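Participant: When the letters of the sequence shown are read in order and numbered with mature numbering (1 follows the signal peptide of the UniProt record, and there is no 0), they come out as residues -21 to -1, 1 to 460.
For every residue, glycine included, the Cβ atom is placed at its ideal position computed from N, Cα and C.
Owing to the predicted nature of the structure, the values given are computational and were not obtained by experimental measurement.
Have a look at this one.
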Amino acid sequence: MPSLPHFALVLLVPLCLLVSADVNDAVYRLIDVLPGQVQTGGIPPPYNTRFDAANGYVPAAMVYVFSAEDIITALEICYEEDAPVALRSNGGHSYIGQSTVNGGIIISFTELKGLEVVPEGGRYIVKLGSGLKLLEVYSRLARHDPPLGFAGGSGASVGIAGLTSGGGHGLSSAMYGMSSDRIVAAEVVVYNREEDKFELVTATGYNEHSDLLFAVRGGMGGNYGALVSLSYDAFPVTNVVVISGKNFDVDPSLQAQRIKDFQDFMHSGAAGPEIFGIGKFLGGGGIQYSAQCICDATGDCSACHAKLDAMQAAVGLPNPLRVEQDFGKAMWFWADCTADSWMDFYPPEGVANCSEEELEEAMYKCWAFDRDVYGGPNKAKSIYFPKDMRMEDLQSLAEAAVDPACQSPGDCVILLDFYGHAMSEEPEDCDQSAGKCTSFDHRTPGWHMQMLAIWDRDEETPTDKLEWLQNTYDSVFPGSL
């Protein structure tokens, strides 16, 4: 692994301090130096409200930054005043509460929303501000000529900085890799130990800061610096076919076999890199299957329909929803913001043809819906499995889904995301004399499992659901990678 000789972990000193440290001086200085950019009351909670004020996380202030200079100013003041700091790229989706800090200062990157497409040697390099949300990126790239794509997930309000810093994957990743795999440069504010100052550097895979880009590409957010922008190698897109349907078998043995059939299909030649699929055990019983197939460069989807016919037959999926649509609209579909998926917030003329005002209004509605429905308290665990998961583990997961703690599909969720093809290939777009190009290590083909215990905002933390989460994790861990 490349070393980081010149860069201290930006947040190491502030975050290791006791949160009871007096931050008043830092807040006063920030208000003075960055007028109109400091919020001390009504600070927005993170997306996961398990880390909100009602649960003991009360930040002293939030600073909204508009430039790298603002970031440097804020970090200098917090460093000098020994004030704890958390970086929040946008909504604050961290599973473990990294998007907030009790008694400290949140630096919000929400206003860093620049997006510029630069053609470069037959490629489309997109410079993305670190405060952009996924839905913004998908929609703005859909308005480009030709339309472009980004390999990310389905969370409309997820910030791209946190997503890519953790690797990131989604419904295009089997063909186009992890979100971090296509990052070719990053602007980052770091702490220069030798000169005892914060500074902005541009890291590429071939310059003197290549070790920093290595760290940013999958090394987890907030650990090596404050991301200002990311340059992403976007790919031209046409149409996709999406499919989603539920199998309501409640017999755990039958559920386990259904998932096994799905897994066998996804890792067979019948699927190929065009398809990304997800199997979701639903609390209370049943399995939801979701998949997306990327059509050919001309927009012809006949091969995709044949592949999805085979998948549907393999898992015995009755009457699923299947929709052929352009790539940009499909990203709204997965965000549950089209008429075919749930709420119809998609602009009638399409994101490519609507006005800027219409697009902004539609995105705002989708984000508000997303937060209202999915933005409550939860606790999650994540684990990787080989492509041939043990039947005993699949049986354990199926039994866990019908545990008494899981009364409805919204109480307990177990997701099995496909993992293979381009996702398992380490990029080679850097000076490899010091090692590999990304710090993302999960490259074995298989499955990525996410388990979530979810409860209502006004509900006390449920002991039974947390026990369910830990027990389920423990039961399948021996079979993991």
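Taking the DSSP output, what are the residues bridged to G251?
Facilitator: G251 pairs with nothing; no bridge assigned.
Participant: Do the CB positions of D323 and F312 come within less than 8 angstroms of each other?
Facilitator: No.
Participant: Suppose contacts are defined by Cβ-Cβ distances below 8 angstroms. Is residue 492 in contact with A205 by that definition?
Facilitator: Any answer about residue 492 is impossible in this case: the structure gives the chain only from -21 up to 460.
Participant: Taking the straight line between their C-alpha atoms, what separation do you get for A66 and L209?
Facilitator: Here residue 66 is Leu; the residue named in the question, Ala, does not match the sequence. Their backbone Cα atoms lie some 16 angstroms apart in a straight line.
Participant: Assign G128 to one of two classes, buried (16 or more other C-beta atoms within 10 Å of its C-beta) or exposed (fewer than that).
Facilitator: With 16 or more Cβ atoms within 10 Å of its Cβ, G128 is classed as buried.
Participant: For a minimum of 4 consecutive residues, which ranges assigned as the alpha helix (DSSP H) are wholly contained in the stretch 348 to 386?
Facilitator: Whole alpha helix (DSSP H) segments, 4+ residues: 370 to 380.
Participant: Enumerate in chain order the residues of its own chain whose CB-to-CB distance from D228 is below 6 angstroms, with the five nearest sequence positions on each side excluded.
Facilitator: Closer than 6 angstroms at Cβ, skipping near neighbours: Q234.
Participant: For S189, which residues from the same chain have a beta carbon less than 8 angstroms from its beta carbon, with the 5 sequence-adjacent residues on both sides left out?
Facilitator: If we look at S189 and ignore the five residues flanking it on each side, its Cβ neighbours are P(-20), A182, T183, C409, D410, A413.
Participant: What number of angstroms, rounded off, separates the C-alpha of M199 from the C-alpha of S144?
Facilitator: Using only the alpha carbons, I get a separation of about 5 angstroms.
Participant: According to DSSP, which residues form a beta bridge with K444?
Facilitator: Partner(s): none; K444 has no beta bridge.
Participant: Do you know whose CA, among G100, S68, C316, G76, lies nearest residue 461's CA?
Facilitator: The structure shown does not extend to residue 461, since the chain spans only -21 to 460, so no value can be given for it.
Participant: Please classify Q386 as buried or exposed, where buried requires at least 16 other C-beta atoms within 10 Å of its C-beta.
Facilitator: Result: exposed.
Participant: Measure the alpha-carbon distance for Y363 versus D240 and round it to whole angstroms.
Facilitator: Approximately 19 angstroms, taken between the alpha carbons.
Participant: Below 8 angstroms on the Cβ atoms is my contact criterion, and I expect V392 with K225 to pass it. Report the Cβ-Cβ distance as a whole number of Å.
Facilitator: Rounded, the Cβ-Cβ distance is 14 angstroms, inconsistent with contact.
Participant: Does the beta-carbon distance from L445 to N357 come in below 8 angstroms?
Facilitator: No, Cβ-Cβ distance for L445 and N357 is not below 8 angstroms.
Participant: For the pair the stretch 327 to 340 and the stretch 160 to 167, tell me if three or more CB-CB distances fall below 8 angstroms.
Facilitator: Touching, no.
Participant: Considering only the beta carbon of each residue, do I51 and L179 sit closer than 8 angstroms?
Facilitator: It is a contact, given that the beta carbons lie within the stated cut-off.
Participant: For the structure I just gave you, are there three or more beta carbon pairs, one from the stretch 261 to 280 and one from the stretch 211 to 224, closer than 8 angstroms?
Facilitator: Yes, the stretch 261 to 280 is in contact with the stretch 211 to 224.
Participant: Can you look up W434 in the DSSP assignment and give me helix, strand or coil?
Facilitator: Reduced to three states, the DSSP call for W434 is coil.
Participant: Would you mind sorting D49 into buried or exposed? The rule is 16 or more other CB atoms within 10 Å of its CB.
Facilitator: D49 comes out buried.
Participant: Closest to F306 by C-alpha separation, out of P299, A314, L300, would be which residue?
Facilitator: For the residues P299, A314, L300, the minimum Cα distance to F306 belongs to A314.
Participant: Is it true that the CB of T423 sits closer than 8 angstroms to the CB of E405?
Facilitator: Taking 8 angstroms as the Cβ cut-off, E405 and T423 do not qualify as a contacting pair.
Participant: With distances taken Cα to Cα, identify the nearest neighbour of V97 among H123, F88, Y74.
Facilitator: For V97, the nearest C-alpha among the options comes from H123.
Participant: Taking the alpha carbon of F255 as the reference point, which residue from Y398, V168, E60, V105 has its own alpha carbon closest?
Facilitator: If we check each option's Cα against that of F255, Y398 comes out closest.
Participant: If you draw a straight line from the alpha carbon of K415 to that of L142, how long is it in whole angstroms?
Facilitator: Taking the straight line joining both Cα atoms gives about 20 angstroms.
Participant: Measure the beta-carbon distance from Q291 to G201 and round it to whole angstroms, keeping in mind my assumption that it falls under 8 angstroms.
Facilitator: Rounded, the Cβ-Cβ distance is 42 angstroms, inconsistent with contact.
Participant: Skipping 5 residues on each side, what residues in its chain have a beta carbon closer than 6 angstroms to that of A289?
Facilitator: Closer than 6 angstroms at the Cβ level, and outside the excluded window around A289, lie A249.
Participant: What does the alpha-carbon distance come out to for the pair K106 and V44?
Facilitator: For K106 and V44, the distance between alpha carbons rounds to 18 angstroms.
Participant: So, with DSSP's three-state summary, where would you put L337?
Facilitator: With the sequence shown as reference, residue 337 is identified as Glu, and Leu is not the correct amino acid for it. DSSP places E337 in helix when its eight states are reduced to three.
Participant: Kindly say whether S247, judged by its beta-carbon, lies nearer than 8 angstroms to any beta-carbon of chain B.
Facilitator: The displayed structure is made up of one protein chain only, and chain B is not part of it.
Participant: Among residues of its own chain, excluding the 5 on either side of M245, which ones have a beta-carbon nearer than 6 angstroms to its beta-carbon?
Facilitator: Within the same chain, M245 has close Cβ partners G256, F397.
Participant: Which residues mark the beginning and the end of the alpha helix (DSSP H) in which A309 is found?
Facilitator: Taken as a continuous stretch (DSSP letters only), the alpha helix (DSSP H) holding A309 covers 306 to 313.
Participant: Whole-angstrom Cβ separation of T89 and G110, contact assumed at under 8 angstroms?
Facilitator: Confirmed, Cβ separation roughly 5 angstroms.
Participant: Which residues in the same chain have their Cβ closer than 6 angstroms to the Cβ of K366, if we skip the five residues on either side of it in sequence?
Facilitator: Cβ neighbours of K366 beyond the five flanking positions: H246, P424, G425.
Participant: Nearer than 7 angstroms: is that true of the beta carbon of V168 relative to any heavy atom of the ligand SAH?
Facilitator: The ligand content of the structure shown is nil, which means the ligand SAH is not present either.
Participant: Which residues share a DSSP beta bridge with M428?
Facilitator: Answer is I362, L395.
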